[in-house]
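Protein chains in written order, with our numbering: chain F, 1230 to 1566; chain R, 1230 to 1566. The C-beta atom is built at its ideal place from N, Cα and C for all residues, glycine as well. What follows is one structure encoded as structure tokens, with my remarks underneath.
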DNA sequence: AAGGCCAGTCGAAGCGCTTCGACGCATCTA
DNA sequence: TAGATGCGTCGAAGCGCTTCGACTGGCCTT
């Protein structure tokens, strides 16, 4: 392994000079700099991460806590994770992947061992156990998601309240007055995951204002579960003509079941999904949808965490504005009787 | 931050003693051990990762290189990644998430900086650029996937040749003699990703032996792309009665299109998928499938990498035996005429 | 011409840990 | 009873880097 000392010797300078060339923290003459940089290249030098971390107490690592459960909103998670990793690299950071399994203990471990300089938490619950720890630590942290009380925390999330409202408005605008919401799996609500509840809030509030009836049903993403849910919905509200789907994996089953029942989309029923654009455009009907900007969320989380590491101030809560794209799955509702 | 020295002082022993309690590399009396462990707990001590890495030249980190592309076989990748992270933790390792973006350079960087003790590579191409580097380094590495020449490498993968063969055998056993294969997106083949080509090999070879006609068509996972592909298939081979689907996202569109065309599953056509069990059971028809054991692959990759880190010998290539589960999407083929 | 200043460089002191050799003491062996 | 053996512990020497203070020479002031 090539060391700083060897580079220094090769370039005929002292170790500290090489270090300053690398960090740019002191001015170095152009000629020296050139020589050092050439030596670095010729020897194929890479600074030792451990030594650097020890000496500078900065590891250049950002920890990313992803949910353990792999059964829900997987594409979104994956997209965020990859966006986080690539964005982090552009700032010189690497990403440490932590699963939710360790729980709050992971936060303590990272903090104590100085393994990472900062943390990004995904899948934040309304009353997340990790939050007290995050508030105490002076290591920067950014949440992807919005807890019940974001005081003192930095959060990045889609504005799910507005998202819910937009869905209702769109359907209302088309003439729909009875809407069913196919929600996430019941477990998501039991865990009080922020986004699910907030979407619902937005939906209900706006529906109340507009005089639209809303029926919400959590639902697993399986075909069978959806069939049962759908049956119950039409049983309870036969006049339902609009659907809002929050559970990605429920999209195809829903379309397929509606078709089988002879309900045409969008002639008889309109469907609007809350999902990444990719899902919306790949579905068997091009779906009207509000996009979940997964990449953007990952990117922004990193930008914020890096800004904090630089000591810059960062707004506490950044809510991305939802964008609704009209595609082929929504159309005029029933003529008023 | 609590340091080793503080723990030592608190427990009334020397720093090295605390270190030996932690590592167990020398025997320590029960009473001393107790005292030290109590001090550790009371002070909430966590060893500094950088210092430890520097002194021991082991970082206790495993690097995981995931593909950059987020558009393909995402659930499989995510499951593997999470399995890797959780399994690694049980062995005391953390996982560093690298995207394919950096390419071979990432291998050099990790190697040079001693950031990770070992690497796990996903999404291995047949002639992957990273392989020469992996072969040279003495840092343990495990591939998830199988390159053209695995000499000197440790690989974990599903036996995709056998997988392809099993699919053909199953359909042949049911009486099907004309089979269409809905493959991965063309890009996957262009990159010569191992698993896709190997599956095809297995399919074709066994089909040749059994006298089954096989038509292979790469296909994007969108509804439209699949509709076009399907049309061409039936155009070219009207007698096709069996489908093998390798592209997860093509599953639902295929089922839906077949239904629309009035082809009943499994009465008129049989469909068999190569996908995680979860996908197979959630589809609108419970799919006969050969499972992609994503978690198992992640787990085994870690076990192997950890074994290598301990200096144990590890078989070069571990191919998991594919398991076909018969569900509702496959049935007797056309009566022989 | 003397003083001050700054850019450019160096030396040395750690950062917190692991690990090697050494030491003291008790126990065994011959 | 002398020497060998082993266990449990300690001190000290790094691991490879960053960073602080100090030094040197040139250039600007006055």
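CB contact flag (residue 1377 of chain R, residue 1356 of chain R, <8 Å): yes
Sequence-distant residues of its chain with Cβ nearer than 8 Å to residue 1418 of chain R (five each side left out): 1412, 1425, 1426, 1447
Beta-carbon proximity list for residue 1286 of chain R, same chain, < 7 Å, skipping 5 on both sides: Only residues of its own chain outside the window of five on either side were considered, and among them 1343 have a CB closer than 7 Å to the CB of residue 1286 of chain R, listed in chain order.
Residues sharing a beta bridge with residue 1445 of chain F, DSSP: F:1410
Short Cβ contact (8 Å threshold) for residue 1279 of chain R with residue 1282 of chain F: yes
Assigned exposure category for residue 1401 of chain R - 16 Cβ within 10 Å defines buried: buried
C-beta contact flag for residue 1291 of chain F and residue 1349 of chain F at 8 Å: Taking 8 Å as the Cβ cut-off, residue 1291 of chain F and residue 1349 of chain F qualify as a contacting pair.
CB of residue 1337 of chain R within 8 Å of CB of residue 1362 of chain R, strictly: yes
Which listed residue (R:1544, R:1560, R:1564) has its alpha carbon closest to that of residue 1369 of chain R: Among R:1544, R:1560, R:1564, the Cα nearest to that of residue 1369 of chain R is on R:1544.
Residue 1515 of chain F and residue 1478 of chain F closer than 8 Å at C-beta: no
Closest residue to residue 1308 of chain R among F:1428, F:1312, F:1297 (Cα-Cα distance): Nearest option by C-alpha distance: F:1297.
Under the three-state DSSP convention, the category residue 1331 of chain R falls into: helix
Three-way DSSP call (helix, strand, coil) for residue 1373 of chain R in this model: strand
Start and end residues, alpha helix (DSSP H) containing residue 1462 of chain R: 1452-1465
Sheet register partners of residue 1325 of chain F (DSSP bridge): Residue 1325 of chain F is bridged by DSSP to F:1292, R:1325.
Identity of the residue in R:1469, R:1329, R:1531, R:1439 nearest residue 1445 of chain R by Cα: R:1469
Own chain residues within Cβ distance below 6 Å of residue 1409 of chain R, not counting five before or after: 1444, 1462, 1469, 1472
Chain R within 8 Å of residue 1531 of chain F, Cβ atoms only: no
For residue 1330 of chain F and residue 1436 of chain R, the rounded distance between their alpha carbons: 45 Å
Residues that residue 1304 of chain R contacts on chain F, provided the C-beta gap is smaller than 7 Å: Neighbours of residue 1304 of chain R on chain F, chain order: 1303.
For residue 1389 of chain R: DSSP bridge partner residues: BP columns for residue 1389 of chain R are empty, so no partner.
Counted within 10 angstroms of its Cβ, other Cβ atoms place residue 1529 of chain R as buried (16 or more) or exposed: The residue is buried, with at least 16 neighbouring Cβ atoms inside 10 Å.
Rounded distance between the beta-carbons of residue 1341 of chain R and residue 1273 of chain F, thought under 8 Å: About 7 Å; that satisfies the 8 Å criterion.
Best match in R:1562, R:1506, R:1553 for proximity to residue 1304 of chain R [C-alpha to C-alpha]: R:1506
Residue 1460 of chain F burial status per 10 Å Cβ neighbour count (16 or more: buried): exposed
Sequence-distant residues of the same chain with beta carbon closer than 6 Å to residue 1316 of chain F, five excluded per side: 1528, 1531
Buried or exposed (CB count within 10 angstroms, at least 16 for buried), residue 1416 of chain R: exposed
heavy atom of the ligand NAD below 7 Å from residue 1423 of chain R C-beta: This structure lacks the ligand NAD, and indeed carries no ligand of any kind.
Residue from R:1313, R:1346, R:1332 whose Cα sits closest to the Cα of residue 1385 of chain R: R:1313
Integer-rounded CB distance, given that residue 1325 of chain F should sit under 8 Å from residue 1324 of chain R: Indeed, because the Cβ distance is near 7 Å, the residues count as touching under 8 Å.
Which listed residue (R:1439, R:1414, R:1380, R:1420) has its alpha carbon closest to that of residue 1397 of chain R: R:1439
Of the residues R:1492, R:1346, R:1328, R:1518, the one placed nearest residue 1537 of chain R, counting alpha carbons only: R:1346
Closest residue to residue 1354 of chain F among F:1365, F:1364, F:1374, F:1335 (Cα-Cα distance): Here the closest residue by C-alpha is F:1374.
Close-in-space but distant-in-sequence residues of the same chain around residue 1556 of chain R (CB under 6 Å, 5 per side omitted): So the qualifying residues of the chain are 1515, 1516, 1517.
C-beta contact flag for residue 1502 of chain R and residue 1534 of chain R at 8 Å: no
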